[in-house]
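Student:
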Amino acid sequence: MTDEADVFAAFRAEVTVQTPLRSAITAAYRSPEPECVPPLFALATASAEEAERIKALARALVAKLRAKTRASGVEGLIHEYSLSSQEGVALMCLAEALLRIPDAATRDALIRDKLAPGDWRAHVGQSPSLFVNAATWGLVLTGRLVTTTSEQGLTAALTRLIARSGEPIIRAGVDVAMRLMGEQFVTGRTIEEAIGNSRDREARGFAFSYDMLGEAATTGEDAARYLDEYERAVHAIGRASHRRGIYEGPGISIKLSALHPRYQRIKRARVMNELMPRVKGLAALAKSYDIGFNIDAEEADRLDLSLDILETLSLDPDLRGWNGLGFVIQAYGKRCSAVVDWLIDLGRRSRRRLMIRLVKGAYWDSEIKRAQLDGLDGFPVFTRKVYTDVSYLACARKLLAAPDAVYPQFATHNAQTLASVLVFAGPDFYRGQYEFQCLHGMGEPLYEDVVGRHNLDRPCRVYAPVGSHETLLA
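So the sequence shown is residues 4 to 477, counted in the numbering used here.
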């Protein structure tokens, strides 16, 4: 055997024998949309009676949402500065760009370029939110400063006063505004702070799943640090749970790529040997507190490896008798429906009820770009949003039809999707049947009309990022 053949033989050793359900997942990876979308329509399509109920419920939810006059935080800011306005576009440009510019001079130049043309004064006093008005006055002042106008009155005086402080105050002012925006989507800088900040919403019936913010590990030191953070978080969440269980109490979401610097399919043997003990240790710790433990979704090329790890954990006898093990699936992936079939089978094979969070998807742009750069003949994700919506509803039907094997967690901020799930599930709800989920800082106003006996009486869990605003926005 030649040296070249030896190399390929080593790669063949990494390939595992696939079951029919895993083969179906592989076959759907980049399947053409005309082939993979039509089978989903039958499951996603509502009957005439269901469609009327969905329409009525969605309209009622939207009407209640629009009737709320008080919008605070970033929600109010987005309402005031829409992306159809020059000012709204300027804000979004700043949010995207400032965190990626390392030097102060270039940041100052960008701020002057984006803020100076905006008509910020037109927005003063238009919103009842203190957050919006404070941000607007700050933008008025910095906008006046960078255009160096010489109008008379208080504004001109304030402009001259700030101008004497020099250019850094521009940067500092915008940094404060960006920090305020970022912190609207972060529950707390530490897990202890996040748990404390969650108590008010918990008292109103919301549950929480905490996510420790961070990028994928690139070194062993990174992975060790993230492991330590996860362990500390599980202990803190477990103590705060007070044995309420996986449905009523808080849980945690973990990112597998944060726990190993080479979380890639090509390194499967190494990952399974080195990462599995770390993940099992965290899962066992979560089991000891009886809290939920969700494995977060990542890029498409990591799905197979994540499924291998989930299967190993599910069949581990040390984790038997605990239904807190969970997994996140993304409806925009062409394999999602096949993954649901496999997860249901895994739940039954392992005699456990897996917690399955269904989301629309988080990496669409990068998945499309990656496929284009690699010159592939297809995409791992749907190219149209409507196909993702169809996939989501089809997968929701499948999950609801297998209550013995999965505990569905429907993550959505869309009133139409929420109403569809409610109607598909039927009126005879019981605790532990399913739950909704929303992102901290975004979806709570919608679910305030869903959670509680005086509303629709369906549970909602808030996905709560923990960390600094810089990490969130990076």
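Beta carbons are placed, not taken as given, at the ideal position from N, Cα and C, and that holds for glycine.
Work out the CA separation of alanine 236 and leucine 3 for me, nearest whole Å.
Tutor: Residue 3 is absent from the model: the chain starts at 4 and stops at 477.
Student: Distance, Cα to Cα, tyrosine 395 vs valine 362?
Tutor: Answer to the nearest angstrom: the Cα atoms are 8 Å apart.
Student: So, with DSSP's three-state summary, where would you put arginine 464?
Tutor: In this structure, arginine 464 counts as strand in the three-state DSSP scheme.
Student: Do isoleucine 359 and leucine 346 have their C-beta atoms within less than 7 Å of each other?
Tutor: For isoleucine 359 and leucine 346, yes; Cβs fall inside 7 Å.
Student: Cutting at 6 Å between CB atoms, please list the residues of its own chain near aspartate 299, excluding the five before and the five after it.
Tutor: For aspartate 299, where only same-chain residues beyond five positions count, the Cβ hits under 6 Å are Ser256, Lys258, Val331.
Student: Determine the extent of the beta strand (DSSP E) in which glutamine 440 is found, giving its start and end residues.
Tutor: Glutamine 440 -> beta strand (DSSP E) spans 438-442.
Student: Should serine 291 and leucine 318 be called a contact, given that it needs their Cβ atoms to be closer than 7 Å?
Tutor: No.
Student: For valine 389, which of Arg33, Leu24, Ala31, Ala47 has the nearest alpha-carbon?
Tutor: Comparing Cα positions, the closest option is Ala47.
Student: Extract the residue ranges of the beta strand (DSSP E) inside the stretch 339-425, only unbroken runs of 3 or more that lie entirely within it.
Tutor: For the stretch 339-425, whole beta strand (DSSP E) runs of length 3 or above, ordered along the chain, are 357-362, 409-414.
Student: Alpha carbons only, please: which of Ala219, Asp304, Lys58, Asn297 is nearest the one belonging to arginine 373?
Tutor: Considering only alpha carbons, the answer is Asp304.
Student: Just tell me which of Ser260, Ser34, Cys39 has its CA closest to the CA of leucine 379.
Tutor: Closest by alpha carbon: Ser34.
Student: Between the stretch 448-463 and the stretch 56-71, do at least 3 Cβ pairs fall closer than 8 Å?
Tutor: They touch, by the three-pair rule.
Student: Of the choices Cys339, Leu306, Gly252, Ala59, whose alpha-carbon is the least far from that of arginine 271?
Tutor: Of the listed residues, the one whose Cα sits closest to arginine 271 is Leu306.
Student: Closer than 8 Å is the cut-off here; do at least three beta carbon pairs connect the stretch 278-297 with the stretch 322-329?
Tutor: Flag = yes, the stretch 278-297 and the stretch 322-329 touch.
Student: Below 6 Å, is the gap between the Cβ of isoleucine 312 and the nearest heavy atom of the ligand GDP?
Tutor: The model depicted lacks the ligand GDP and carries no ligand whatsoever.
Student: Assign threonine 22 to buried or exposed, taking buried as 16 or more other Cβ atoms, counted over all protein chains shown, within 10 Å of its Cβ.
Tutor: Threonine 22 should be labelled exposed.
Student: I'd like the span of the alpha helix (DSSP H) that includes asparagine 200, first residue to last.
Tutor: Element bounds for asparagine 200: 194-206.
Student: Take glutamate 302 and list the residues in its own chain whose beta-carbon comes closer than 6 Å to its own, dropping the five residues that flank it on each side.
Tutor: Correct list, in chain order: Tyr366.
Student: Which same chain residues end up closer than 7 Å to asparagine 458 when comparing Cβ atoms and leaving out the 5 residues on each side of it in sequence?
Tutor: Asp452.
Student: Would you kindly work out how many angstroms separate the C-alpha atoms of tyrosine 335 and arginine 387, rounded to a whole number?
Tutor: So the two alpha carbons sit approximately 9 Å from each other.
Student: Do leucine 262 and alanine 206 count as a contact pair if the criterion is CB distance below 7 Å?
Tutor: Contact: no.
Student: For glycine 519 versus serine 201, is the C-beta spacing smaller than 7 Å?
Tutor: This structure gives no information on residue 519, because the portion of the chain shown stretches from 4 to 477.
Student: Which residue from Leu425, Val189, Ala49 puts its Cα closest to that of glycine 444?
Tutor: Glycine 444 has its Cα closest to that of Val189, out of Leu425, Val189, Ala49.
Student: Do arginine 456 and alanine 210 count as a contact pair if the criterion is CB distance below 7 Å?
Tutor: No, Cβ-Cβ distance for alanine 210 and arginine 456 is not below 7 Å.
Student: Leaving out the 5 sequence neighbours to the left and right, which residues in its chain are closer than 7 Å to glutamate 196 when beta-carbon positions are compared?
Tutor: If we look at glutamate 196 and ignore the five residues flanking it on each side, it has no Cβ neighbours.
Student: Pick out whichever of Tyr433, Ala422, Ala219, Arg268 has its Cα sitting closest to the Cα of glutamate 55.
Tutor: Answer by Cα proximity: Ala422.
Student: Under 8 Å Cβ to Cβ from glycine 217, same chain only, skipping five residues before and after it: list those, please.
Tutor: Counting only Cβ-Cβ distances below 8 Å, and skipping sequence neighbours, we find Tyr229, Glu232, Lys258, Ala261, Gly470, Thr474.
Student: Given a cut-off of 7 Å on the beta-carbon distance, is the pair glycine 350 and valine 424 in contact?
Tutor: No, the Cβ-Cβ distance between glycine 350 and valine 424 is not below 7 Å.
Student: Whole angstroms are fine: how far does the CA of valine 454 sit from the CA of isoleucine 312?
Tutor: Each residue's alpha carbon lies about 34 Å from the other.
Student: Excluding sequence positions up to five away, which residues of its chain have a Cβ less than 8 Å from the Cβ of arginine 400?
Tutor: So the list reads Leu46, Ala47, Phe427, once near-sequence residues are dropped.
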